[in-house]
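Asker: One structure, pasted below without further comment.
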Amino acid sequence: MNNYKLLTPGPLTTTNTVKEEMLIDRCTWDDDYKSITQKIRKQLLEIGKASLDNYTTVLIQGSGSFAVESVITTAMSHEDKLLIISNGAYGERIIEMSQYIGINHVPYRLSYDEVPKEEEIINILKEDKEISHIVMVHCETTTGILNPIEVIAKLAKEHEKTLIIDAMSSFGGIEINIEELGIDFLISSANKCIQGVPGFSFVIGKKNKLLKCEGNSRSLCLDLFEQWKVMDKDGKWRYTSPTHVVGGFSKAIDELIEEGGVTQRYMRYKTNNKLLRSRLKEIGFNPYIQEENQSPIITTFLFPTQDFDFISFYNYMKERGFVIYPGKLTDVDTFRMGNIGEIYEEDINNLCDVINEYVKVVRK
Ligand SMILES: *Cc1c(COP(=O)(O)O)cnc(C)c1O
């Protein structure tokens, strides 16, 4: 078994106990398996502080993007219009999805190091009365910027817009009070802050909103309404479910609860992130995102010098057990390091020692 520490934003380093759960072959129509699905659905509501009365969880086969596309195609009718806030690749992906599906949409684009501005959104909403839905990525994993979920939630409430949040890389790692914020659809996936493995994604949706979505979907497989109707009966998935992944995920949720829930996990991630950024700063690496907008999930670092050889750096790190991530920006040379998953202060210190060694010894 390799013991790489994945400093990536998912798939990430998981515990051996989560991996061991996947040694069991489970049967999709067996009651034990269906009860795992039902338990997960309920636990996810608790993690998101959403009540059973008003909210429901729908699990969907596929990576996170499948759930995003499922929400977009199911929540939007032909009369609706979607405002897409975009300051990164995942916001851009929602624009692309809307173009593919043929969703009436309008992008609000920002530079990748900028957070959305309240006044600008108010103006857009005032000028375009057709807008019925707003979608925003919470933690833009492209850069690690954290978008102001409270501000957007308040605006959506005041202007009575349906609010969709892509909380893929934040849910489970950052406290999100779905019901209090009034989020209508929140999307995340198995292999991020809950620390499961890839294979399915999920949507926490307001029941009264979901009920109005029948017949909207332009895709059979991604029809969130139909997926919900079938799953809600007794926990059986529509079409084959990723049984091993679901088993591992259930264990991962138990471990999140054992750790002390989202509050504790957030503290661990935040400690990791602060340590990583301060130690790398000492070594000579500056972050791309300003500190006040930096998420505790993943950080983008600028190359320390123009001739910095990322491939050599990457290989050096990998040989010593750490897998890092290339940057995703076109205009600046960067790389990224995630600090979520089964990663602790000690791992960050070991990682930074190796980086220091590379910079001080190898590059000299
Ligand atoms: C990971 C991620 C997604 C989904 O990407 P997949 O590759 O489909 O899992 C979507 N949005 C954000 C912000 C993400 O971090």
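One rule links them: number in my numbering = place in the sequence shown (from 1) + 1466. Even for Gly, the Cβ is constructed at its ideal location relative to N, Cα and C.
#1: Measuring from the CB of Cys1659, is there a heavy atom of ligand 1 at a distance below 7 Å?
#2: From which residue to which residue does the beta strand (DSSP E) around Val1601 run?
#3: Using a Cβ-based criterion (distance less than 7 Å to any ligand heavy atom), does Pro1848 qualify as near ligand 1?
#4: Val1728 and Phe1666: beta carbons closer than 8 Å?
#5: Hey, Asp1700 and Thr1522: beta-carbon distance below 8 Å or not?
#6: Would the beta-carbon of Thr1766 be found less than 7 Å away from any heavy atom of ligand 1?
#7: For Met1563, collect the residues of the same chain with a Cβ closer than 6 Å to its Cβ; drop the 5 residues on either side in sequence, then sort them by chain order.
#8: Measure from the alpha carbon of Ser1684 to the alpha carbon of each residue in Glu1593, Phe1801, Ile1569, then state which is nearest.
#9: Kindly list the residues whose CB is nearer than 6 Å to the CB of Leu1652, restricted to its own chain and excluding five residues on each side of it in sequence; keep chain order.
#10: Quick test of your reading: Leu1742 and Asn1805, contact by CB under 8 Å. State the CB separation rounded to the nearest angstrom.
#11: Can you tell me whether Trp1694 is buried or exposed? The criterion is at least 16 other CB atoms within 10 Å of its CB, across all chains shown.
#12: From Ile1551 to Glu1624, what distance separates their C-alpha atoms?
#13: Report the three-state DSSP secondary structure of Glu1606 (helix, strand or coil).
#14: If you reduce the DSSP assignment to three classes, tell me which class Ile1615 lands in.
#15: Under a three-way DSSP split, which group does Arg1575 fall into?
#16: So Phe1769 packs on Thr1800, CB below 8 Å; how close in whole Å?
#17: Contact defined as beta carbons within less than 8 Å: I believe Thr1765 pairs with Pro1753. What is the distance between those atoms, to the nearest angstrom?
#18: For a quick check, are the C-beta atoms of Lys1500 and Gly1714 less than 8 Å apart?
#19: Is Val1581 near ligand 1, in the sense that its beta carbon is under 7 Å from a heavy atom of that ligand?
#20: When every heavy atom of ligand 2 is checked, does at least one fall within less than 7 Å of the C-beta of Met1634?
#21: To the nearest angstrom, how far is it from the Cα of Arg1559 to the Cα of Asn1553?
#22: In angstroms, rounded to a whole number, what distance separates the CA positions of Glu1487 and Thr1480?
#23: Given 8 Å as the limit, is there contact between the region 1508-1523 and the region 1743-1751, that is, 3 or more CB pairs closer than that?
#24: Based on the DSSP secondary-structure assignment, which residues constitute the bridge partners of Val1789?
#25: Of the choices Ala1555, Ile1763, Ile1567, whose alpha-carbon is the least far from that of Ser1577?
#26: Name the two residues that bound the continuous beta strand (DSSP E) containing Met1803.
#27: Could you pull the start and end residues of the beta strand (DSSP E) that Phe1651 belongs to?
#28: Please report the distance separating the alpha-carbon of Leu1621 from that of Phe1779.
#29: Would you grab the beta carbon distance between Ala1541 and His1604 for me? Rounded to a whole angstrom, and I think it's under 8 Å.
#30: Relative to the C-alpha of Val1798, which residue among Phe1767, Ala1718, Ile1587 is closest?
#31: How should Asp1689 be labelled, buried or exposed, when 16 other C-beta atoms within 10 angstroms of its C-beta is the threshold for buried?
#32: Are there any heavy atoms of ligand 1 lying less than 7 Å away from the beta-carbon of Val1617, as far as the coordinates show?
#33: Are Gly1639 and Ile1513 closer than 8 Å when you measure CB to CB?
#34: Comparing C-alpha positions only, which one of Val1828, Gly1793, Ser1531, Glu1785 sits nearest to Tyr1470?
#35: Per DSSP, what are the beta-bridge partners of Gly1727 in this structure?
#36: Going by other Cβ atoms of all chains shown within 10 Å of its Cβ, with 16 needed for buried, is Cys1493 buried or exposed?
Answerer: Considering the structure as presented:
#1: Cys1659 Cβ: outside cutoff for every heavy atom of ligand 1.
#2: Counting along the chain, the beta strand (DSSP E) containing Val1601 begins and ends at 1599-1603.
#3: No answer is possible for residue 1848: the residues shown for the chain start at 1467 and end at 1830.
#4: No, the pair does not count as a contact, with Cβ atoms beyond the cut-off.
#5: Their beta carbons are not under 8 Å apart, which means Asp1700 does not touch Thr1522 by this criterion.
#6: Incorrect: Thr1766 has no Cβ contact closer than 7 Å to ligand 1.
#7: The residues are Glu1535, Ile1538.
#8: Looking at the sequence shown, residue 1684 is not Ser but Arg. For Arg1684, the nearest C-alpha among the options comes from Ile1569.
#9: Ile1631, Ala1633, Ile1644, Ile1670, listed in sequence order.
#10: The distance from the Cβ of Leu1742 to that of Asn1805 is about 6 Å, consistent with a contact at the 8 Å cut-off.
#11: Trp1694 should be labelled buried.
#12: Their Cα atoms are separated by approximately 17 Å.
#13: Of the three classes helix, strand and coil, the one that applies to Glu1606 here is strand, per DSSP.
#14: Secondary structure at Ile1615: helix, using DSSP grouped into helix, strand and coil.
#15: The three-state secondary structure of Arg1575, taken from DSSP, is strand.
#16: That pair is a contact at about 7 Å.
#17: Sure, about 5 Å apart at Cβ, within 8 Å.
#18: Going by C-beta atoms, Lys1500 is not nearer than 8 Å to Gly1714.
#19: Result no, Cβ not under 7 Å from ligand 1.
#20: You won't find ligand 2 in this model; what it holds is ligand 1.
#21: Straight across, the Cα-Cα distance linking Arg1559 with Asn1553 is about 11 Å.
#22: Going from the Cα of Glu1487 to the Cα of Thr1480 covers about 12 Å.
#23: Contact between the region 1508-1523 and the region 1743-1751 is absent, because fewer than three Cβ pairs lie under 8 Å.
#24: According to DSSP, Val1789 bridges with Leu1472.
#25: Answer by Cα proximity: Ala1555.
#26: From DSSP, the beta strand (DSSP E) with Met1803 extends over 1800-1804.
#27: For Phe1651, the enclosing beta strand (DSSP E) begins and ends at 1651-1655.
#28: Their backbone Cα atoms lie some 44 Å apart in a straight line.
#29: Not a contact, Cβ separation roughly 17 Å.
#30: Closest option to Val1798, Cα to Cα, is Phe1767.
#31: Under a 10 Å Cβ-count criterion, Asp1689 is classified as buried, with 16 or more other Cβ atoms of the shown protein chains found around its own Cβ.
#32: Every heavy atom of ligand 1 is 7 Å or more from the Cβ of Val1617, so no.
#33: Not closer than 8 Å, so no.
#34: Nearest of Val1828, Gly1793, Ser1531, Glu1785 to Tyr1470, Cα basis: Glu1785.
#35: Gly1727 pairs with nothing; no bridge assigned.
#36: Label assigned to Cys1493: exposed.
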